[in-house]
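Okay, structure first, notes after.
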Amino acid sequence: MRLRSSTSTPLPPTDAAGRWLRRFYTGLLYLMLPLALLRLYWRGYRDPGHRQRWRERLGFIPSLPTGSLWLHAVSVGETRAALPLIRALQTRYPDLPLLVTTTTLTGSRQVREALGEQVHHVYAPYDLPGAVARFLRNSQPRLAVIMETELWPNLLRQCAMAGVPTVIANARLSERSARGYARIHRLTALMLRDITLIAAQAEADAERFRALGAPRVRVTGNLKYDLPLPKTLLEQGRVLRRDVLGENRLVWIAASTHAGEDEPVLDAFAILRRRWPDLLLMLVPRHPERFDGVAAQCRQRGFPTVRRSEQRPCAPGSAVFLGDSMGELLRFYAAADLAFVGGSLVATGGHNVLEPALLGLPVLFGPHMFNFTEAGERLLAANAAWQIANAAELAVAVERLLTDPERRQAAGQRGRAVVECHRGALATLLACIEEQLPCRR
Numbered sequence: 020m021r022l023r024s025s026t027s028t029p030l031p032p033t034d035a036a037g038r039w040l041r042r043f044y045t046g047l048l049y050l051m052l053p054l055a056l057l058r059l060y061w062r063g064y065r066d067p068g069h070r071q072r073w074r075e076r077l078g079f080i081p082s083l084p085t086g087s088l089w090l091h092a093v094s095v096g097e098t099r100a101a102l103p104l105i106r107a108l109q110t111r112y113p114d115l116p117l118l119v120t121t122t123t124l125t126g127s128r129q130v131r132e133a134l135g136e137q138v139h140h141v142y143a144p145y146d147l148p149g150a151v152a153r154f155l156r157n158s159q160p161r162l163a164v165i166m167e168t169e170l171w172p173n174l175l176r177q178c179a180m181a182g183v184p185t186v187i188a189n190a191r192l193s194e195r196s197a198r199g200y201a202r203i204h205r206l207t208a209l210m211l212r213d214i215t216l217i218a219a220q221a222e223a224d225a226e227r228f229r230a231l232g233a234p235r236v237r238v239t240g241n242l243k244y245d246l247p248l249p250k251t252l253l254e255q256g257r258v259l260r261r262d263v264l265g266e267n268r269l270v271w272i273a274a275s276t277h278a279g280e281d282e283p284v285l286d287a288f289a290i291l292r293r294r295w296p297d298l299l300l301m302l303v304p305r306h307p308e309r310f311d312g313v314a315a316q317c318r319q320r321g322f323p324t325v326r327r328s329e330q331r332p333c334a335p336g337s338a339v340f341l342g343d344s345m346g347e348l349l350r351f352y353a354a355a356d357l358a359f360v361g362g363s364l365v366a367t368g369g370h371n372v373l374e375p376a377l378l379g380l381p382v383l384f385g386p387h388m389f390n391f392t393e394a395g396e397r398l399l400a401a402n403a404a405w406q407i408a409n410a411a412e413l414a415v416a417v418e419r420l421l422t423d424p425e426r427r428q429a430a431g432q433r434g435r436a437v438v439e440c441h442r443g444a445l446a447t448l449l450a451c452i453e454e455q456l457p458c459r460r
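Numbered by the working numbering, the letters in the sequence shown go through residues 20 to 460 in order.
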């Protein structure tokens with residue numbers, strides 16, 4: 020299969036300002052390239068994986084089968100959301116190779132852990148024309164499926180020039196992000212016209228994309244509602260609770276926390292321990308490079324802490340179980356009684372609240388949920404979740420749920436029902452991909 024450069028999408032002459040902005044943006048990226056590579060080298064001191072395969076980020080990738088389905092997922096969250104789609108594509112198109120790219124090291128490890136050698140994996144190229152063109156020459160994909168809102172002007176332009184259709188799958192666009200894109204509206208409109216189809220999570224997302232100039236948008240639903248749970252997951256949770264956490268203890272999980280969130284979580288935990296001295300906090304930082312610092316913080320506060328990496332059970336006096344492993348978050352949820360989902364007490368935008376809800380847990384989160392607005396609102400409306408603003412409110416909400424097991428169970432059941440009744444995005448998205456696949460119509 021050869022790249023179809025003859026099908027390059029022409030640009031109207033009125034887009035001169037947008038093209039100038041793209042050149043300016045590209046020039047800045049080239050200036051920043053040495054800093055990006057130095058950052059990889061520096062991060063390699065903590066984890067050598069950051070220094071490995073760095074050439075892939077410049078488009079120098081191993082030889083790959085041509086005509087593949089290319090799916091891009093930035094990091095762990097997007098990769099996990101994409102797993103049902105990846106497995107469905109493998110079933111529907113068993114003759115087509117599947118290429119999965121990620122941006123982060125943790126995303127790369129998630130691909131390898133979940134899919135092994137079933138797919139080809141490389142890092143996505145930096146958004147430089149030369150790097151993207153080199154990547155496309157070396158991979159020659161049939162179709163690009165880009166998860167959520169990874170909008171890169173040069174990547175999308177190079178795909179359009181090479182005749183590679185692009186589908187932005189499970190696309191979301193918060194009001195905050197839309198305002199940012201609107202500030203560079205000429206470049207944004209130019210970029211959005213290069214996209215073959217935007218498959219939006221909700222009508223609000225679709226309207227924001229259209230307002231920015233996207234000509235081809237369709238609402239397909241949120242793929243994260245279609246997350247399949249492993250058949251053995253609940254049993255894995257029971258085993259973890261029995262053998263590691265302590266079968267007769269209440270367990271509260273604070274998951275995917277960011278810098279600035281561990282402090283209020285531990286403050287709330289200190290309040291709760293006065294009434295519930297046997298309460299165990301499962302604290303799971305979002306990024307591996309924070310594991311050591313969070314462990315030290317727990318111990319400095321006087322909380323006896325057991326790390327997952329130590330592979331030992333929590334003693335009766337243990338207070339915190341630190342989830343310093345990758346790929347086990349669902350198992351941790353399955354072992355807990357209720358969940359706080361991080362990225363929401365700081366302005367990160369929140370993380371996936373549907374996973375604990377599907378496992379029947381009451382869910383707590385902070386005020387910053389712009390990445391999961393719809394999911395959060397649905398859980399709140401169903402009285403399956405509670406939104407808190409600080410450590411004091413978090414402590415009150417957790418205590419209320421710990422005190423009332425029936426309320427906790429009923430909230431978990433309502434949350435699971437919310438997830439179950441909004442499934443179906445996967446089938447709609449697969450139909451959209453089928454429409455865009457060259458030579459498959």
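Using N, Cα and C, we set each Cβ at its ideal position, and we do this for glycine too.
Bear in mind that the values here come from a model prediction, so they are computed numbers and not experimental data.
Item                                                                                                                                                                       : Value
Can you list, in chain order, the stretches of the beta strand (DSSP E) that have 3 or more residues and sit fully within the region 237-324?                              : 270-276 and 299-304
Please name the residue or residues paired with residue 166 in a DSSP beta bridge.                                                                                         : 188
With a threshold of 6 Å on Cβ separation, who are the neighbours of residue 343 within its own chain once the five nearest residues in sequence on each side are excluded? : 310, 326, 327 and 328
Enumerate, from N- to C-terminal direction, the unbroken alpha helix (DSSP H) stretches of 4 or more residues contained entirely within the region 127-165.                : 148-158
Pull the bridge partners of residue 427 from the DSSP assignment, please.                                                                                                  : For residue 427, which the question treats as bridged, DSSP gives no partner whatsoever.
With contact counted as at least three CB pairs below 8 Å, one residue from each stretch, are the region 242-249 and the region 262-269 in contact?                        : no
Just mark residue 315 as buried or exposed, buried being the case when its beta carbon has 16 or more other beta carbons within 10 Å.                                      : exposed
Given that a residue counts as buried once 16 or more other Cβ atoms are within 10 Å of its Cβ, and exposed if not, what is residue 144?                                   : buried
Using the Cβ count rule (16 or more neighbours within 10 Å means buried), how would you classify residue 35?                                                               : exposed
Measuring only the C-alpha atoms, how far is residue 218 from residue 224?                                                                                                 : 10 Å
If you draw a straight line from the alpha carbon of residue 456 to that of residue 220, how long is it in whole angstroms?                                                : 21 Å
Please classify residue 154 as buried or exposed, where buried requires at least 16 other C-beta atoms within 10 Å of its C-beta.                                          : buried
As an exercise, report each continuous alpha helix (DSSP H) stretch of at least 4 residues that is fully enclosed by the region 332-404, in chain order.                   : 348-353, 373-377 and 392-400
Can you check whether the CB of residue 271 is closer than 7 Å to the CB of residue 372?                                                                                   : no
Please say whether residue 408 and residue 290 have beta carbons closer to each other than 7 Å?                                                                            : no
Using 7 Å as the threshold, is the C-beta distance between residue 462 and residue 256 below it?                                                                           : Because the chain here runs from 20 to 460, residue 462 falls outside it and cannot be looked at.
Quick one: grab the DSSP three-state call for residue 444.                                                                                                                 : helix
For residue 108, which residues of its own chain have a beta-carbon under 7 Å away from its beta-carbon, when the five flanking residues on both sides are left out?       : 88 and 117
Rounded to whole angstroms, what is the Cα-Cα separation between residue 292 and residue 385?                                                                              : 21 Å
Quickly, what does DSSP pair residue 406 with across the bridge? List them, please.                                                                                        : 384
In three-state terms, what does DSSP make of residue 56?                                                                                                                   : helix
Expressed to the nearest angstrom, what Euclidean distance is found between the alpha-carbon atoms of residue 39 and residue 202?                                          : 15 Å
Pick helix, strand or coil for residue 219, following the three-state DSSP scheme.                                                                                         : strand
Less than 7 Å between the beta carbons of residue 192 and residue 227, yes or no?                                                                                          : yes
Reducing DSSP to helix, strand and coil, say where residue 235 ends up.                                                                                                    : coil
By Cβ distance, which residues of its chain are closer than 8 Å to residue 324, with the 5 residues on each side in sequence left out?                                     : 314, 317, 318, 337, 338, 339, 340 and 341
So residue 173 and residue 45 are in contact, right, with Cβ under 8 Å, and what is the actual spacing, rounded?                                                           : 6 Å
Who are the Cβ neighbours of residue 29 in its own chain at under 8 Å, not counting the five residues just before and after it?                                            : Confidence at residue 29 is low in this model, with a pLDDT of 49, below 50, so the placement of that residue should be treated as unreliable; the coordinate-derived value is given next. Within the same chain, residue 29 has no close Cβ partners at all.
Given residue 347, which residues of its chain have a CB within under 8 Å of its CB, disregarding the five upstream and five downstream residues?                          : 327
When the distance is taken between beta carbons, is residue 398 closer than 7 Å to residue 437?                                                                            : yes
How long is the line joining the alpha carbons of residue 156 and residue 374, rounded to whole angstroms?                                                                 : 38 Å
Helix or strand or just coil, what does DSSP make of residue 121?                                                                                                          : strand
From the DSSP output, in three-state form, read off residue 89 for me.                                                                                                     : strand
Determine the direct distance from the alpha carbon of residue 274 to that of residue 355, and round the result to whole angstroms.                                        : 11 Å
Compare the C-alpha of residue 231 against each of 207, 237, 214 and 238 and name the closest.                                                                             : 207
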